[in-house]
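J.:
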Amino acid sequence: RAAGPEVRVRFTSPHPKDFPDRVWELLARHPGLCRQVHLPAQSGSTRVLAAMRRGYGRAAYLELVGRARGLVPGLQLSSDFISGFCGETEEDHRATLDLLEQVGYSQAFMYAYSLRERTRAAYRLEDDVPRATKLRRLQEVIDCFHRTAAAGNQRELGRTHLVLVEGPAKRGEGLLTGRTDTNKRVVFAGER
Numbered sequence: 001r002a003a004g005p006e007v008r009v010r011f012t013s014p015h016p017k018d019f020p021d022r023v024w025e026l027l028a029r030h031p032g033l034c035r036q037v038h039l040p041a042q043s044g045s046t047r048v049l050a051a052m053r054r055g056y057g058r059a060a061y062l063e064l065v066g067r068a069r070g071l072v073p074g075l076q077l078s079s080d081f082i083s084g085f086c087g088e089t090e091e092d093h094r095a096t097l098d099l100l101e102q103v104g105y106s107q108a109f110m111y112a113y114s115l116r117e118r119t120r121a122a123y124r125l126e127d128d129v130p131r132a133t134k135l136r137r138l139q140e141v142i143d144c145f146h147r148t149a150a151a152g153n154q155r156e157l158g159r160t161h162l163v164l165v166e167g168p169a170k171r172g173e174g175l176l177t178g179r180t181d182t183n184k185r186v187v188f189a190g191e192r
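Note that the UniProt record's numbering has the sequence shown beginning at 1, numbered continuously upward.
Below you can see the structure in the form of structure tokens.
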């Protein structure tokens, strides 16, 4: 039985290679399924994705994004990005910036790479990107995301969305806050 608009179901962190078209078609048809999906990219570089053993490359990821957006009108995507993974070059980094620009994520979680014990990278790869380089690249990723997300938010101005009200806004008398079905936080006038 499908959830109605008063119930929201959101997908979190599916692996990009495990997301069939049938799921996208369900998202498009059922109002209780949120049109926002967290689809971790990690990097825009196929070479880095292979080193991470992600099981997909840039082209496959972009193909999935294109199919998803073709099947689900208004779909918003969020993602994770790691800057300075083992062996990442400036060219790899630019590929990540390009992916951010190309996809236009509505949310992103961005981190500088740090070695984790008991991972393949810890045993097999050298953490060879200097910390200062990781932090510079991370800041460039953050700046690129903020720029593209702001442009996406501007395109939403004047549109009407169904909002799940969460409560009074932290700032401003007579304002409420809530989230759209694409997980965008909105503030609007209303009574408690």
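Even for Gly, the Cβ is constructed at its ideal location relative to N, Cα and C.
If you drop the 5 nearest sequence neighbours on each side, which residues of the same chain put their C-beta closer than 6 angstroms to that of Ser83?
T.: Translated into the one-based positions of the sequence shown, residue 83 becomes position 83. Sequence-distant Cβ neighbours of Ser83 in its own chain, meaning closer than 6 angstroms and more than five residues away, are Ala112, Lys134, Arg137, Leu138, Val141.
J.: Taking the runs of the beta strand (DSSP E) that are 3 residues or longer, which of them lie wholly in the region 2-77?
T.: Counting only runs of 3 or more, we get 9-11, 33-38.
J.: Using DSSP bridges, identify the partner residues of Ser83.
T.: Here residue 83 corresponds to residue number 83 of the sequence shown, with the count starting at 1. Per DSSP, Ala112.
J.: Look at the alpha carbon of Arg23 and the alpha carbon of Glu173, and state the distance between them as a whole number of angstroms.
T.: Along the sequence shown, read from residue 1 onward, the residue named residue 23 stands at position 23. Along the sequence shown, read from residue 1 onward, the residue named residue 173 stands at position 173. Strictly speaking, residue 23 in this sequence is Val, with Arg absent from that position. Val23 and Glu173 have their C-alpha atoms roughly 41 angstroms apart.
J.: Beta-carbon separation of Ala68 and Phe19 under 9 angstroms?
T.: Here residue 68 corresponds to residue number 68 of the sequence shown, with the count starting at 1. Here residue 19 corresponds to residue number 19 of the sequence shown, with the count starting at 1. In contact: Ala68 and Phe19 (Cβ atoms closer than 9 angstroms).
J.: Nearest to Thr182 by CA position, among Asp98, Leu27, Leu75, is which residue?
T.: What you label residue 182 is simply residue 182 of the sequence shown in a count that begins at 1. For the residues Asp98, Leu27, Leu75, the minimum Cα distance to Thr182 belongs to Leu75.
J.: Can you tell me where the alpha helix (DSSP H) with Ala189 in it begins and where it stops?
T.: Stepping through the sequence shown from its first residue, residue 189 is reached at position 189. No alpha helix (DSSP H) holds Ala189; the beta strand (DSSP E) holding it covers 185-189.
J.: Contact defined as beta carbons within less than 8 angstroms: I believe Ser78 pairs with Ala41. What is the distance between those atoms, to the nearest angstrom?
T.: For this step, residue 78 is matched to residue 78 along the sequence shown. For this step, residue 41 is matched to residue 41 along the sequence shown. Not quite, the Cβ-Cβ distance comes to about 10 angstroms (not below 8 angstroms), so this is no contact.
J.: What residue does the beta strand (DSSP E) around Val141 start on, and which one ends it?
T.: Start at 1 with the first residue of the sequence shown, and residue 141 comes out as number 141. Per DSSP, Val141 belongs to no beta strand (DSSP E); it is in the alpha helix (DSSP H), 131-156.
J.: Quick check: the region 144-155 against the region 116-123, are there 3 or more CB pairs under 8 angstroms?
T.: no
J.: What three-state label does DSSP hand Glu88 in the structure shown?
T.: The residue given as residue 88 occupies position 88 in the sequence shown. Glu88 falls in the coil class under three-state DSSP.
J.: So who's on the other strand from Arg179, going by DSSP bridges?
T.: Translated into the one-based positions of the sequence shown, residue 179 becomes position 179. Leu164, Arg185.
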